[in-house]
Amino acid sequence: MSITALRRLILIGLLLAIGLGLSLASPSFLKLDNLMTLLQEASQTGIVAVGFTLVLITAGIDMSIGAVIAITAMICANFLTYTHIPAFAFIPVALGAGCLVGLFNGFFITRFKLPEFIVTLASRGILAGLALLIAVKDADGFVSNVFIQDPVYLGFGGTVGPFYIITIVFLVLAVLVQFFLKRTRSGTNIYATGANPTAARLSGINTDKTIFAVYMFSGFCASLSSIFLSARMMTAMPEFGIGSEMDVIAAVVIGGTPFTGGIGDIWGTVIGTVFLAMIKNGILKLGISPYIQPIVIGGIIVVVVVVDVWYKGFAERLARNRARRRTAEQDRAAA
Amino acid sequence: MAENSDASEEVLLDCRKICKSYNGPMVLSDVDFSMKRGEIHALVGENGAGKSTLIKIITGVTGRNSGTMVFEGKEIGHDHSRTGAQGLGIAVIYQELSLIHGMTVAQNMFLTKEPRMPVLGIINIRRMNSLAQAMIDRYGFNLKATDVIDGLSIGQRQTVEILKALNGKASLMIMDEPTSSLTSAESAQLFGIIRQLKADGISVLYISHRMEEVFDLSDRVTVLRDGRLVEVLEKERIHPNEIIRLMIGRCLDEKDSKCVMERKGGEVVLDVHGLSSEGKFSDISLQLHAGEVLGIGGLVGSGRTELVRAIYGIDAHDSGSISFQGKPWTPGVSQSIRGGFGFVPEERRLQGIMGGISITGNIGITNLDSIAGKGFVSDRKELALSRKAVGLLNIKPAEPSLPVGNLSGGNQQKVVVGKWLIRDLRLLIVDEPTVGIDIGAKEEMYQTIARLASEGVSVILVSSDLPELTRLSDRILVLRKGRIVKEFAEGAVTEEDVLRASSGILEGGAA
Amino acid sequence: MNLTAAKARQLLKDLRLFFVLILLMAVLSVLSPRFLTLGNLSNVLWSVCIIGIMCSGFIYAPITGGIDLSVGSMAALAGIIANVLMNQVGIPWVPALVITLACGMFIGFINGIVTTKFGVPAFIVTMAAKTYLFGIAMLVSNGDMITIMKPKGFLAIGVGKLFGLPIPIYIMVAVIVASHILLKHTVFGRKAIAVGANEVAAKLSGVDPDRTRIMAYVLSATAATVAGIVMASLTQQAYAANAGGYELDVITAVVVGGTSLMGGSGSVAGALIGAVMVGFINNGLNLLNMPSSFHPLVTGVVILLALLLNQGGKMPKFILSMRKRLGDPGK
Amino acid sequence: QTWKIGYLPSTVGQALTKAWGTGIDTTLKAAGNVQLQALDAQMKAETQVSMMDDFINQGYNLIILQPIDAAALTASVKKAESKGIPVITLNTDTLAPHFACVTMDDYGAGYLVGESIGKTLKGAGNVALIQSPPGALAGVEREKGFRASMAKLYPNIKIVGAQNGEWNKDKAIAIMNSFMQVNSQLDAVFAVNDNMAEGAAIAAESAGRLKNIMIWGFNGQMSTLAQIESGKVFGTAYTNAYDQGAIAAKLALEALKAGTKTFAKTQVVTVKPFLATKETVGQIPAASRW
Ligand SMILES: Nc1ncnc2c1ncn2[C@@H]1O[C@H](COP(=O)(O)OP(=O)(O)OP(=O)(O)O)[C@@H](O)[C@H]1O
Ligand SMILES: Nc1ncnc2c1ncn2[C@@H]1O[C@H](COP(=O)(O)OP(=O)(O)OP(=O)(O)O)[C@@H](O)[C@H]1O
Ligand SMILES: [Mg+2]
Ligand SMILES: [Mg+2]
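In C-alpha cells form, the structure reads like this:
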C-alpha cells in the first residue's frame with residue numbers, strides 16, 4: 001500500500017520538477033490559459049485512458065479505441081447534417097455505438113478465444129473504413145468535413161469557470177471508476193480476471209462477462225471523448241483519433257498499469273496522462289527545432305520511467321527489510 | 001463405523017457413468033461415484049488417473065461428455081457452471097493454487113462474496129478484514145488478513161486456500177491434495193478442521209497421495225485407475241496394502257525400509273561456512289559429502305527454501321562463504337549448472353514448468369549443453385533425452401510432444417524432477433520433490449535418488465514430508481527461524497525427533 | 001501407429017494457416033483473373049518484402065514476452081544513415097551498409113539494455129525509441145526527403161532482378177529462412193521461447209533471461225535496419241517519415257501468423273504467411289479497383305475471418321453449444 | 001520590439017513545407033526583429049489545433065498556418081483572430097475570415113494537368129489516378145480538378161483506376177504495379193503528389209513500361225524536376241514554394257506594421273501553377289528549385 005503511494009508521490013514529484021523547469025524556461029507555461037489547455041488535452045486522452053486502464057487490468061488490449069473515436073464523430077456528423085434531432089437525443093446513440101464495438105470485440109475474444117490484439121486491430125480497420133464510408137460527402141462524392149454550428153453540441157467544448165467541461169468530466173469519471181475498481185465486487189472481478197483468469201474462474205467469477213464489460217466500457221469512454229473532440233474542433237473528421245491509441249497506451253503504462261494484468265489503477269492513469277500532456281505542451285515552448293523535440297520527448301519519457309521503476313525496486317527492498325527487521329525483533333522479544 | 005452406516009445413509013451426490021475426454025483419449029470412462037451426507041470420502045489413484053478431472057466436473061469447471069449427476073436429489077444439467085456449483089453449496093480447494101496475486105488474504109478469502117454496505121453495494125473493507133481475521137484466528141492459523149498473497153510462502157498460501165473454501169455455507173467440501181505443501185503440524189490442524197466439518201454434517205471429499213492420511217481420516221475410499229472406477233472400499237476394508245494394490249495393480253515392497261544403502265563417506269563436496277542472509281537465515285554452516293543425502297527439515301517459513309536458493313545461486317547472501325569441491329565458490333545459476341548442480345524448486349507452476357511448451361521443450365532447456373553443438377540443437381538427441389526422462393519416471397501420457405500444462409499435477413512434477421535426473425550431476429538440490437506424486441511413482445523416485453547417491457552424487461533434500469525425510473536422508477539438519485537447531489547424524493531418527501526439533505521443543509539442546 | 005496419426009494431425013494443424021492462405025488466393029483468383037499470374041504474385045511478394053524482412057527479427061520481441069515499436073523509425077533512420085555514409089562521407093556501399101547494420105544493432109542493444117537492466121516496460125522503451133529515432137532521423141537528414149541516385153550497386157538491391165524476380169524477394173526469403181532456423185534449431189531459439197513461456201523456470205534452468213532479451217531486441221533492430229536499407233534502395237529515397245506506422249503492420253503479420261504477444265510461442269513461417277496474406281488482400285483490392293474507403297474495412301473483416309478459420313476446432317464447438325442451449329428448453 | 005511569428009504547416013518534414021519555411025525565414029530575417037518558431041503537427045488535425053492553442057496562449061503576434069482541414073481549423077483561426085492574432089493561411093482556406101490566404105489553387109492546377117494529359121493523348125486512352133488519403137483536402141482538390149477537366153474536355157479518356165497511395169512512395173509502387181497488371185494498355189498516370197509519381201516511375205521502369213506510360217506528379221519538388229529532365233516522370237504542376245513563403249512573410253510584416261486586428265474578409269493571393277515538362281522544365285532556374 002504505502003509503497004505504491006510513495007511511488008506515486010515520487011512520480012508526482014518528478015512531474016512537478018519538470019513543470020517547474022518548464023515554467024522557468026518559458027513564462028507562458030504557468031499562465032492559467034495554458035494550464036487549462038494542458039488539462040483539456042490531458043482529459044482528451046485521459047477519458048479514453050480510463051476505459052483502457054480497465055482493459056489493461058484484465059490483461060487485454062484495445063486497439064480499436066482510436067477508430068471508435070472516428071466512427072462516433074461520423075455518427076454525430078450525420079445526425080447534425082441530415083437530421084434535426086437535437087444533440088442530447090442523438091449523443092446517447094453515438095455513445096451506444098462505442099459500447100456496441102466493445103460488445104463485438106468481447107464476443108470474438110471470449111467466444112472464439114482469438115487474441116485481443118488482433119480482434120481489436122481488425123475492428124479498428126473495420127471501423128476506420130466504416131467511418132470513411134458514412135462520412136458526409138460533397139456532390140462529387142468526396143469526404144467533406146462539416147463545420148458544426150449546433151450550440152448544444154458545441155457546448156461540450158465549453159468551460160465552467162476556468163475549467164473546460166471535458167476536464168471536469170474526466171476528473172469525475174476518474175474518481176468514480178477508481179472507486180468502482182477498488183470498492184465494488186465488479187471492480188474486484190476485473191483485477192482477478194487479469195491477475196489469474198483460471199483462478200478467477202475457479203473462484204466463481206464469470207470472466208467472460210467481465211471481459212465483455214471492460215471492452216464495452218472502453219468503447220464507451222472512447223465515444224465520450226469523441227464528442228468532446230468534435231465539439232472542440234467544431235468539426236468531425238473520419239481520421240479523428242486514429243493513431244491516438246499509442247498515446248493512450250503510453251499514458252496508462254507510464255501510470256503503472258502493466259500489460260501483464262491484475263495491477264494498476266486510475267490515479268496512475270491520471271498522472272500518466274497529465275505527464276504526457278505536460279511534456280508535449282511544454283516542449284512547444286522551449287523554442288527548439290521541431291526536429292529535436294521528439295528526441296527530447298523520447299528522452300524524458302525513458303528517464304522518468306527509469307527513475308520510477310528504480311524507485312519502485314528501492315521502495316520494495318526498503319519495505320522488505322523493514323518487515324524482516326520487525327519479525328527479527330519480535331522473535332527476540334518472544335525469546 | 002456403526003454410526004456411519006445408519007445415521008447418514010442419505011446420498012448427497014450421485015454421479016453415474018461419467019465420461020470425459022479433452023479432445024483426445026478418454027480421461028474418465030463410465031465412472032460411478034457417490035457421496036453420503038456427513039462422510040469423509042477419499043478419492044485415490046495414480047497420477048493422471050482422473051481424480052482432479054472428476055472434481056472439475058463436479059464443480060462445474062469442465063463439462064462432462066456424458067453421464068448424469070444428482071446433487072441433493074436434483075439433477076445437474078450439462079450447463080453446470082462454477083457459479084452454479086457454488087450456489088449449490090459445493091466448496092472446493094483445487095490442486096493448483098487458485099489465489100489472486102496482488103490481493104490480500106482477506107480479499108482472496110472473500111472473493112465474490114465480499115461483505116457490502118447496505119447501500120450501493122460498496123464493499124465494506126474494514127468488515128471484510130475483521131471477519132477474515134476472526135476466521136483465521138478461530139482456526140488458529142498464523143496469518144494476517146491484510147497481508148498480500150505475493151509475500152506468503154507456499155504453505156501459507158495453501159492455508160489461505162483452505163480458509164477460502166471454508167468461508168461460506170457448504171454441504172460438500174472438496175479438497176484436492178490440500179496437504180501436499182503443508183508440514184505435519186499444519187496438516188494436523190487441517191485434519192481437526194475436517195473432523196469438525198464431518199461433525200457438523202458436511203461431507204468431505206478428500207484427495208491425497210499420503211496414504212496415512214487416507215487411513216486416518218476416511219469413512220470410504222474410491223479408487224480410480226486409468227480413468228475407470230476400480231472399487232469403492234467401505235471403512236472396514238480400508239487397509240494400506242489393499243488400496244495400493246487396487247491403485248497401481250500390484251503390491252509395493254514393504255515401504256518402511258530405509259533407503260540408505262551402503263555408501264562410503266566420500267570427500268567433502270560442498271562446504272558452507274557461516275552463511276547468512278538478513279531476515280532469511282543466519283550463520284548456516286554445513287558440510288556435504290560425496291554420495292550423501294542431507295535432509296533439511298523445519299516448519300513452514302523456517303528458511304529452508306531460502307537457504308537452498310542461496311546455495312544454488314538464485315538469491316545473493318549477505319555474508320559467509322561456500323566452497324565447492326575444495327575450491328571457493330561464488331554461487332550463480334549458470335555456474336552451478338556448469339558445476340553439475342541440479343535444482344528442483346518447490347513451486348512447480350511458477351518456477352518449475354513452462355506450461356505452454358511440450359515435455360520435450362521443458363526437458364531440453366535444462367539440457368542444452370548435452371543436446372546442442374555449436375549453437376544448434378539436435379532435435380533427435382533432445383527427443384531421445386526426453387524419452388529417457390519420460391521412461392525413468394513413468395510420465396503419463398508418455399507422449400513427449402504434449403504441452404506440460406495439460407498433464408496431471410503429479411506428472412507435471414515428474415517433468416520438473418525428471419529434467420534434472422537425466423543429467424550428469426554432482427549435487428542435486430530438491431525442494432519438496434514429491435509434491436503431488438502418487439505412491440508408486442514416489443517409490444520409484446526414491447529409488448532413483450538413492451541410486452544417484454550410490455553413484456557418488458550428493459543430494460540436499462528439503463521436505464515437509466517427514467517419512468520421506470527420515471527415510472531418504474543420511475543426515476538431517478533441522479532449521480528453525482533461519483538457524484540450524486539440531487543435527488541428526490546417521491542412525492535411527494524418528495519422525496517425532498524431527499518434529500520436536502522443528503517446533504523448538506529441543507531448542508535448549510540445539511547442536 | 002498412434003504416434004504417426006498424432007504427428008499427421010499436428011502437421012495439419014501447423015499447416016492450417018497455409019490452407020487459409022490458399023483459400024484466400026482461390027477467392028481472389030476467382031474475383032480477379034489477373035491475380036494468379038506470375039507477374040502479379042511476384043509483385044505482391046515484392047511489396048510485402050519490407051514487412052516480411054522486419055518480421056523475421058521483430059518476432060523475437062513478442063516471443064520473449066516483449067514488443068518493439070521502434071522498427072519503423074529504425075528502418076527510416078537506417079536509410080538515412082546509409083545515404084549519409086555512401087553519398088556524403090563517400091564510403092563504398094558495402095562497408096557503408098555494414099556500418100549501418102552495426103548502428104542498428106547498437107540501437108537494438110540500447111533498447112534491450114533499458115528494458116532488461118532498468119526494468120522499464122518494453123512498450124515504453126521502444127515507443128520512446130520510435131519517437132527519438134524519428135527525431136534523430138529528422139536531424140541527420142535535415143528533414144529532407146532525399147533522393148538517392150547512386151551508387152548503382154546499392155540501388156540494385158531494391159529494383160534489381162535475378163532470374164526474373166526482384167532481389168528483395170531473395171533477401172526476404174533468406175532472412176526468413178535464417179530466422180526460422182534460428183528459432184527452431186538453435187540454442188538461442190530455445191532460450192527465447194523458454195524466457196517467454198516462464199522466465200523464472202527458464203532462469204532456474206540456467207538461461208540468462210536478460211541476455212536473451214537483449215539479443216531479441218538486437219535481432220529486431222537488425223532486421224529493421226535491413227528492411228530500411230532495402231526500402232531506401234527500392235524507393236531510391238531516404239526520409240525520416242518513411243515506414244512510419246509499419247510497426248502495426250508487422251505486429252499484425254506476426255500475430256496472424258500465430259505468435260502470442262504474451263510470449264512463449266511463435267512461428268517465423270506463420271509471420272511470413274501473415275504478411276503475405278495482408279499483401280494479397282491489399283493487392284486484390286487494388287486489382288479490383290475497390291475505392292480506398294473500403295480497404296481498411298475489407299482488410300479487417302478478412303483478417304478476422306482468416307483467424308476464425310485458422311481457429312478451426314473452436315467454431316463447431318461454439319455452434320454446438322449454441323444449439324444445445326437453444327434446443328434444451330426448460331434448463 | 002521583437003515579433004514572434006509561429007509557422008504551423010501540416011508537417012515539417014516535406015519538401016513543400018520546408019521550402020515555404022525557407023521562403024518565410026529569409027524574408028523575415030531581412031526585416032530583422034522577428035523570431036520564427038515552426039512546429040510539427042504530423043498531419044493530424046487534432047495536433048494542429050492544440051498547437052494553434054499553444055501559439056495563442058503564448059501570445060504570438062502572428063501565425064502562418066497550413067490548415068490540415070478547412071473545417072477543423074476554423075475554430076482555431078476564429079480564436080486567434082478574436083485575440084487579435086492575425087492568421088495567414090497557406091494553400092487551404094478556412095471558413096472563418098482571417099488576414100490572408102496565400103494559395104496555389106490545387107483545383108485549377110489539377111484541371112491544367114488533366115488538360116495537358118488529354119492533349120498529349122489526343123483525347124483518347126486509359127488513365128489512372130494515384131490518390132491522396134480520402135480526407136486530405138489538397139489531394140482531393142487536385143483530383144477534383146483533374147476529373148473535371150477529363151469529364152468536360154476529354155470524354156473519351158477512360159479513368160481505369162484510382163487508388164490511395166497515402167502520399168507514400170512505396171505504396172505508390174505497389175499500386176502502380178497493380179494498375180499495370182490489370183491494364184495492358186495504360187497511357188498515363190496522375191499521382192497527386194510528386195513523391196507518389198516517383199514511386200510510379202520506379203514501378204513502370206522495373207516493368208519495362210516507362211516508355212508507354214506518361215507519369216504526372218504535383219508540386220514540383222527538386223528531385224521530380226530532375227526526374228522530368230531525365231525522362232522518368234513526364235510532368236508536374238510546379239509552384240514556386242519559396243516565393244509563396246516569401247509572399248506570406250511579406251503579408252505578415254504588413255499586418256504587424258499596420259497593427260490591424262479585425263478582418264471582415266480574407267485577402268486571397270493565388271500563386272500561379274506552372275506545368276513543368278521536359279520542354280519547359282529548363283525555365284525553372286536552379287535558385288527556384290526546392
Ligand atoms: N486441460 C487438459 N487438456 C488435456 N488433457 C488433460 C487436461 N487436464 C488433464 N488432462 C489429462 O487428463 C488425465 C487425468 O488428469 P487429472 O488431472 O484428472 O489426474 P489426477 O488423477 O488428478 O492426477 P494427479 O494425481 O497427478 O493430480 C491426464 O492424463 C492428463 O494428462
Ligand atoms: N509471517 C510471515 N509473513 C510474511 N511472509 C512470511 C512469513 N513467514 C515467511 N514468510 C515468507 O515466506 C517465505 C518462507 O520462507 P521459506 O520458503 O524459506 O520457508 P520454508 O522453510 O522453505 O517453508 P516452506 O515449507 O513454506 O517452503 C519467505 O519468502 C518469507 O519471506
Ligand atoms: Mg490431480
Ligand atoms: Mg520451502
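Residue numbers (the numbering used here), protein chains in the order written: chain A, 1 to 335; chain B, 1 to 511; chain C, 1 to 331; chain D, 1 to 290. The beta carbon of each residue, even a glycine, is placed where N, CA and C say it ideally should be. Quick caveat: nothing in here was measured; it's all calculated off a predicted structure.
Pairwise C-alpha distance: residue j and residue i
| i | j | result |
| --- | --- | --- |
| residue 328 of chain C | residue 311 of chain C | Residue confidence is low: residue 328 of chain C scores 43 on pLDDT, short of 50, so the model does not pin down where it sits. No coordinate-derived value is stated. |
| residue 268 of chain B | residue 342 of chain B | 18 Å |
| residue 6 of chain B | residue 287 of chain B | The predicted position of residue 6 of chain B is uncertain, since its pLDDT is 44 and thus under 50; a value taken from the coordinates is nonetheless stated next. Rounded to whole angstroms, residue 6 of chain B to residue 287 of chain B spans 59 Å at the Cα level. |
| residue 305 of chain C | residue 275 of chain C | 16 Å |
| residue 87 of chain D | residue 249 of chain D | 11 Å |
| residue 137 of chain B | residue 159 of chain B | 12 Å |
| residue 19 of chain D | residue 245 of chain D | 7 Å |
| residue 405 of chain B | residue 22 of chain B | 13 Å |
Cβ separation of residue i and residue j, assumed to be a contact under 8 Å, to the nearest whole Å
| i | j | result |
| --- | --- | --- |
| residue 400 of chain B | residue 383 of chain B | 6 Å |
| residue 54 of chain B | residue 71 of chain B | With a Cβ gap of about 14 Å, residue 54 of chain B and residue 71 of chain B do not count as contacting. |
| residue 62 of chain D | residue 256 of chain D | 6 Å |
With 16 other Cβ atoms within 10 Å as the buried cut-off, status of residue i
| i | result |
| --- | --- |
| residue 82 of chain A | exposed |
| residue 470 of chain B | buried |
| residue 374 of chain B | exposed |
| residue 85 of chain A | exposed |
| residue 182 of chain B | buried |
As assigned by DSSP and simplified to three states, the class of residue i
| i | result |
| --- | --- |
| residue 238 of chain D | strand |
| residue 299 of chain B | coil |
| residue 37 of chain A | helix |
| residue 230 of chain B | strand |
| residue 327 of chain C | Legend: pLDDT at residue 327 of chain C = 48, less than 50; position of this residue unreliable, value from coordinates given subsequently. If DSSP states are grouped into helix, strand and coil, residue 327 of chain C belongs with coil. |
| residue 209 of chain B | coil |
| residue 89 of chain D | strand |
| residue 22 of chain B | coil |
| residue 50 of chain D | helix |
| residue 106 of chain A | helix |
Point to revise | chain D contacts made by the stretch 82-107 of chain C, where a contact means CB separation under 9 Å | key: none
Check your understanding: Closer than 8 Å, Cβ to any Cβ of chain C: which residues of the stretch 98-121 of chain A, in chain order?
Key -> 108, 111, 112, 113, 114, 115, 117, 118, 119, 121
Practice item. Check each residue of the stretch 210-239 of chain A: if its Cβ is closer than 7 Å to any Cβ of chain C, include it; give the result in chain order. Key: none
Check your understanding: Mind listing which residues of the stretch 312-335 of chain A have their C-beta closer than 8 Å to chain B's C-betas, in chain order?
Key -> 320, 321, 323, 324, 325, 327, 328, 331
Exercise for review: Return the residues of the stretch 366-391 of chain B that lie within a Cβ-Cβ distance of less than 8 Å from chain C, sorted by chain order.
Suggested key: 366, 368, 372, 375, 376, 377, 379
Review point. Which residues, in order along the stretch 337-350 of chain B, keep a beta-carbon less than 7 Å from a beta-carbon of chain C?
Key: 337, 343, 345, 350
Check your understanding: Quick one, which residues of the stretch 119-138 of chain D are near chain C if we go by CB-CB under 8 Å, in chain order?
Key -> 131, 133, 134
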